[in-house]
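Here the structure is laid out as structure tokens; the discussion comes afterwards.
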Amino acid sequence: MIFSSVLGIAIFIGLAGGAGAELPDETSVSEAERIEALLEDAFKAIEKVHDYRGVLKKKELFDGALIEQRIAFKFSRPFRVYLRYIEPHPGREVLYVRGKNKNRLRAHRGSKLGVTVSLNPRGRWAMAEGHHPVTEFGIEHMLELAARDIRNAINRGEGTVRLSDGGAVNAEPTWQIDLRSPPARRKVTARRDETLWDIAARTEQDMYVILHHNESIDSPRDVRTGQEVLVPRYYAGRGQYFISKRTHMLIKLVIWDHEGALYESYEYPELELNPGFDARDFDYRNEEYGF
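Numbered per my numbering, the sequence shown spans residues 121 to 411.
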């Protein structure tokens with residue numbers, strides 16, 4: 121598959137949350153009920169955080185090769201995102217504020233001669249080195265993807281879902297949910313003028329996952345009317361999800377595809393909840409930024 125260009129600035133996943141109740145005792149409820157209680161608590165924890173910042177370590181699979189990145193970020197509700205690349209592309213910055221700049225992101229390469237540009241978050245340049253657009257940044261999206269697969273597998277009685285102690289992730293004690301799902305797929309016929317983004321919305325599946333499962337399709341717009349597109353039932357062939365025992369935040373996930381290849385991983389070695397951002401933190405005119 122070909123889906124790359126010169127300004128890889130797509131990004132995925134943020135963190136938000138707060139402390140929650142302990143899981144029910146395993147002797148009194150089933151494992152599935154304990155998993156559901158943990159997911160519900162993680163969603164409740166998200167609602168208690170207004171903003172956060174940290175460092176994101178991510179790996180994503182592109183054309184058989186893993187791209188690794190470290191990115192410092194700021195996030196604030198209702199939806200404001202600032203990104204600064206640490207490696208690769210040190211100094212590159214991205215700013216997105218929903219409802220501003222015609223819903224386009226601002227970005228520059230990070231060099232002294234770099235020019236700030238406004239881009240469609242779903243465009244080829246903006247999605248060059250990311251599975252997900254900046255418009256999907258946030259723990260809500262990550263947790264929703266995980267919970268959908270986990271709940272689907274439990275309700276259908278497919279694959280396996282296990283809950284265990286996840287050990288320490290960056291010194292944070294965690295629970296671990298381990299999902300193994302079957303390679304179930306269905307064929308969907310592309311409608312007139314549909315892109316993979318449209319098919320993803322219609323089938324409630326992630327766009328890049330659909331792209332990953334269709335080797336004959338090179339990009340989201342490379343779809344013909346009447347073409348059959350394979351849409352997987354599950355986002356992950358295998359997923360490991362680590363939820364903090366202290367804050368009940370999802371702080372790490374590792375995803376493999378249905379062929380067993382590492383598809384993506386996201387981890388937060390640094391994270392601060394509710395630092396108290398103001399409008400200046402998401403203003404391209406901020407003198408600390410390079411826009």
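All C-beta atoms, glycine included, are put in the ideal place defined by N, C-alpha and C.
- A straight-line Cα-Cα distance of about 20 Å links glutamate 407 and histidine 209.
- For tyrosine 172, the three-state secondary structure derived from DSSP is strand.
- The segment 156-167 makes no contact with the segment 215-234; the number of CB pairs closer than 8 Å stays below 3.
- Within the segment 182-220, the beta strand (DSSP E) runs of at least 3 residues that lie entirely inside it are, in chain order, 185-196, 200-207 and 213-217.
- Residue range 316-323 is occupied by the alpha helix (DSSP H) that includes tryptophan 317, with no beta strand (DSSP E) assigned at that position.
- Less than 8 Å divides the Cβ of isoleucine 155 from the Cβ of leucine 283.
- Under the three-pair Cβ rule at 8 Å, the segment 391-403 counts as touching the segment 185-198.
- Spanning the alpha carbons of isoleucine 319 and methionine 327 requires a straight line of approximately 8 Å.
- For isoleucine 270, the enclosing alpha helix (DSSP H) stretches over residues 259-276.
- By the CB criterion at 8 Å, aspartate 269 and alanine 399 fall outside the cutoff.
- Shown here for serine 301: same chain residues with a beta carbon closer than 7 Å to its own, the five before and five after excluded, namely Asp269, Ala273, Glu278, Gly279, Tyr354, Ala356 and Gly357 in chain order.
- Only residues of its own chain outside the window of five on either side were considered, and among them Ala130, Pro241, Arg242, Ala246 and Met247 have a CB closer than 7 Å to the CB of proline 253, listed in chain order.
- Checking the DSSP bridge columns, you'll see alanine 288 partnered with Pro293.
- Checking the DSSP bridge columns, you'll see alanine 227 partnered with Val214 and Val237.
- Boundaries of the alpha helix (DSSP H) around lysine 164: 151-166.
- Scanning its chain for C-beta atoms nearer than 6 Å, with the 5 sequence neighbours on each side dropped, one finds around valine 201 the residues Phe195, Tyr216, Val254 and Phe257, in chain order.
- Assignment of tyrosine 328 by DSSP, reduced to helix, strand and coil, places it in the helix class.
- With fewer than 16 other CB atoms across the displayed protein chains lying within 10 angstroms of its CB, proline 293 is exposed.
- DSSP places phenylalanine 362 in the strand class (E or B) of the three-state scheme.
- Under the three-pair Cβ rule at 8 Å, the segment 381-390 does not count as touching the segment 339-347.
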